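To keep things clear, I will list the structure first and then write my remarks on it.
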């Protein structure tokens, strides 16, 4: 089994393989992944990392595996006004639900994992829910180290960096 030694931002470097992961699988400290070619690779970091679509996983043999975000069942939430959307966002945050913020009219769009109970709550607050299958990349949270950053493998000392 190959070991992941570093996490690299998206580049034009050709990856030899791909690993397709959902949101939960992209937020781990230690886990064995299986690539599309059937290769087992080990993620074993000192702290949890947030892998994003397009990130590169540098292997101990020098190989590169590209991370591909797997489509998941989600809900896009819209409202008729920014005030309504802010109110809905407050209720989602009060429930500690991972939420992706997308720009657009009337305050934009809130994207969450599909949940029929939350959809009923949103509609009761005047919002509209639209189911879809898409990659999920929610905000990191107040204690996530700022932005969508992540840490490189042990011994590389690059610290955190944000993706644009």
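In the working numbering, the protein residues as written are 43 to 206. Note that the Cβ used here is the ideal one computed from N, Cα and C, for glycine as well. What you are looking at is a predicted structure, and each value in this text was computed from that prediction instead of being measured.
Under the three-state reduction of DSSP, residue 68 is assigned to coil, being neither helix nor strand. Using a Cβ distance threshold of 7 Å, residue 111 and residue 177 count as a contacting pair. Residue nearest to residue 59 within the set 106, 132, 101, 45 is 106 (criterion: CA-CA distance). Straight through space, the alpha carbons of residue 169 and residue 93 are spaced by roughly 31 Å. Per DSSP, reduced to three states, the secondary structure at residue 73 is strand.
Three or more Cβ pairs closer than 8 Å define a contact, and the region 148 to 164 falls short of that threshold against the region 82 to 93. In this structure residue 115 is exposed. Its beta-carbon is surrounded by fewer than 16 other beta-carbon atoms within 10 angstroms.
Judged by their CB atoms, residue 141 and residue 180 are nearer to each other than the 7 Å cut-off. In the three-state DSSP reduction, residue 101 falls in the strand class (E or B).
Per DSSP, residue 134 is one residue of the alpha helix (DSSP H) stretching across 124 to 136.
When the five nearest sequence neighbours on each side are left out, the beta carbons in the same chain lying within less than 6 Å of the beta carbon of residue 123 are those of 148, in order along the chain.
Beta-bridge partners of residue 48 (DSSP): 100.
Pairing residue 161 with residue 117 gives a Cβ-Cβ distance under 7 Å.
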